[in-house]
Amino acid sequence: MVLTDRYSEVTTVSLKKPCRFFTGPMCIGRQTLLKPGVHESDEPVPIWSVFCVDEPEHKLEL
Numbered sequence: 001m002v003l004t005d006r007y008s009e010v011t012t013v014s015l016k017k018p019c020r021f022f023t024g025p026m027c028i029g030r031q032t033l034l035k036p037g038v039h040e041s042d043e044p045v046p047i048w049s050v051f052c053v054d055e056p057e058h059k060l061e062l
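Just so we're aligned, residue 1 is where the sequence shown starts under UniProt numbering, counting upward by one.
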């Protein structure tokens, strides 16, 4: 998890694993879960923190 005391405005992110982006400090505010790949926005988006998880090698099927 990446937490900062200030935000960054971004227009493009490139991900290798699923990540949740937060638009408020300390993982509050609006959040968006993005899948791996390149994601772009015409307008800059304020990002305060990011939480990424590794996908399990073997998924449990019930």
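By construction, the Cβ of each residue, glycine as well, lies at the ideal position given by its N, Cα and C atoms.
Values in this document were obtained by computation on a predicted structure and should not be read as measured data.
Please state whether DSSP places residue i in a helix, a strand or coil.
{"i": "P44", "result": "strand"}
So the candidates are the options; which of them puts its Cα closest to the Cα of residue i?
{"i": "K35", "options": "K16, S49, C27", "result": "K16"}
{"i": "T11", "options": "D54, M26, V45", "result": "V45"}
{"i": "C19", "options": "E43, G37, D42", "result": "G37"}
{"i": "L53", "options": "S8, L33, S41", "result": "Position check: residue 53 holds Val in this sequence, whereas Leu was assumed. Looking at the Cα atoms, L33 is the closest of the given residues."}
So residue i and residue j are supposed to be a Cβ contact under 8 Å. How far apart are they, rounded?
{"i": "I28", "j": "F21", "result": "Not a contact, Cβ separation roughly 12 Å."}
Under the rule that 16 or more other beta-carbon atoms within 10 Å means buried, what is residue i, buried or exposed?
{"i": "S14", "result": "exposed"}
{"i": "S8", "result": "exposed"}
{"i": "S41", "result": "exposed"}
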